[in-house]
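Engineer:
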Amino acid sequence: LFERHGVRATFFTLGWIAERYPKMIRRVVDAGHELASHGYEHRRATEQGYGAFLADVRLAKAVLEDIAGAPVRGYRAPSFSIGAHNRWAFECIADAGHRYSSSMYPIRHDHYGVPGGERFAHEVHAGLIEVPIATVRFLRSTWPAGGGGYFRLLPYGISRWSLRRINAAEGQPAMFYFHPWELDP
């Protein structure tokens, strides 16, 4: 589907998935897509201490780079689990050698989110840029606009309107994500 439309994407991938399906990982990279890390085990950063989190981030990066034969620059915390109470995780991500993260969702949600957080790319640690999932300001509130469950549950027109508003009215790029099952009929 991506090839047919000339689209390139970033594939945030778990380390254990890469170990189980190394040919798939090489196909992603050979097709010109970026390979990024989603951790090794898909454990939330909020469930780990500094040492365990750093070990997971480092292991995932090493496994992905070894299998892909390509550098892994990006990281996304499972379940957007980096927030105001565990910003130390950004130091771990940077120390592991990542250049950017997409681990925060600046919305209010019962399981994740950073209400009032910065909505667009910004430096969160020396040499590490955070690229938050897209949100749109509407009716004096910040609304999710970056995909996932919201893309599945809301009419397509809302996503299209939100992304166009972010791009045109705010002059910003929008980070949009989806899982493989959201494209597989």
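Per my numbering, the sequence shown starts with residue 1, numbered consecutively.
For each residue, glycine too, the CB sits at the ideal point set by N, CA and C.
Could you name the residues of the same chain whose beta carbon sits closer than 8 Å to that of GLU130, not counting the 5 residues immediately before and after it, in chain order?
Structural biologist: Taking the first residue of the sequence shown as position 1, residue 130 is located at position 130. So the list reads PHE90, TYR100, SER101, SER102, SER103, MET104, GLU118, ALA121, HIS122, GLU123, VAL124, once near-sequence residues are dropped.
Engineer: Short of 8 Å in beta carbon distance, which residues of its chain neighbour GLY32, apart from the five on each side in sequence? Order them along the chain.
Structural biologist: In the sequence shown, the residue the question calls residue 32 occupies position 32. Correct list, in chain order: ARG8.
Engineer: Can you check DSSP and say which residues form a bridge with PHE138?
Structural biologist: Locating residue 138 in the sequence shown gives position 138, where the first residue counts as 1. Answer is SER141.
Engineer: Can you tell me the Cβ-Cβ gap for ALA187 and VAL63, rounded? I've got them flagged as a contact below 8 Å.
Structural biologist: The structure shown does not extend to residue 187, since the chain spans only 1 to 185, so no value can be given for it.
Engineer: Nearest CA to the CA of PHE11: which residue from GLU3, PHE2, ALA36, PHE178?
Structural biologist: In the sequence shown, counting from the first residue as 1, residue 11 sits at position 11. The option with the nearest alpha carbon to PHE11 is ALA36.
Engineer: How many Å lie between ILE25 and VAL114 at the Cα?
Structural biologist: On the sequence shown, position 25 is the one that residue 25 refers to. On the sequence shown, position 114 is the one that residue 114 refers to. Computed Cα separation, rounded: 31 Å.
Engineer: Using DSSP with H/G/I as helix, E/B as strand and the rest coil, what is GLY147?
Structural biologist: Taking the sequence shown and counting its residues from 1, the one referred to as residue 147 is at position 147. DSSP places GLY147 in strand when its eight states are reduced to three.
Engineer: From TRP161 to ARG76, what distance separates their C-alpha atoms?
Structural biologist: By 1-based counting over the sequence shown, the position of residue 161 is 161. By 1-based counting over the sequence shown, the position of residue 76 is 76. Each residue's alpha carbon lies about 25 Å from the other.
Engineer: Express the C-alpha separation of HIS179 and VAL28 in angstroms, rounding to a whole number.
Structural biologist: The count along the sequence shown starts at 1 and reaches residue 28 at position 28. The count along the sequence shown starts at 1 and reaches residue 179 at position 179. The alpha-carbon atoms of VAL28 and HIS179 are separated by roughly 15 Å.
Engineer: Could you give the distance in angstroms between the alpha-carbon of ARG58 and the alpha-carbon of ARG4?
Structural biologist: Working through the sequence shown from its first residue, we reach residue 58 at position 58. Working through the sequence shown from its first residue, we reach residue 4 at position 4. Roughly 34 Å separates the two Cα atoms.
Engineer: Would you identify the three-state DSSP class for ALA36, choosing helix, strand or coil?
Structural biologist: Residue numbering aside, residue 36 sits at position 36 when the sequence shown is read from its first letter. DSSP places ALA36 in strand when its eight states are reduced to three.
Engineer: Measuring alpha carbon to alpha carbon, tell me which of TRP16, ALA126, PHE176 ends up nearest ASP66.
Structural biologist: Position 66 of the sequence shown, counting from 1, holds the residue named residue 66. Checking every option, the nearest Cα to that of ASP66 belongs to TRP16.
Engineer: Distance check for CYS92 and GLY51, CA to CA, integer angstroms please.
Structural biologist: Position 51 of the sequence shown, counted from the start, is the residue given in the question as residue 51. Position 92 of the sequence shown, counted from the start, is the residue given in the question as residue 92. If I take the Cα positions, the gap works out to 9 Å.
Engineer: Below 8 Å between beta carbons: does that hold for TYR177 and GLY157?
Structural biologist: The residue given as residue 177 occupies position 177 in the sequence shown. The residue given as residue 157 occupies position 157 in the sequence shown. It is not a contact, given that the beta carbons lie outside the stated cut-off.
Engineer: Please report the residue range of the alpha helix (DSSP H) in which VAL28 lies.
Structural biologist: Within the sequence shown, numbered from 1, the residue matching residue 28 stands at position 28. 22-30 is the span of the alpha helix (DSSP H), which, as asked, contains VAL28.
Engineer: Going by DSSP in three states, HIS5 sits in which element: helix, strand or coil?
Structural biologist: Mapped onto the sequence shown, residue 5 falls at position 5. It is helical.
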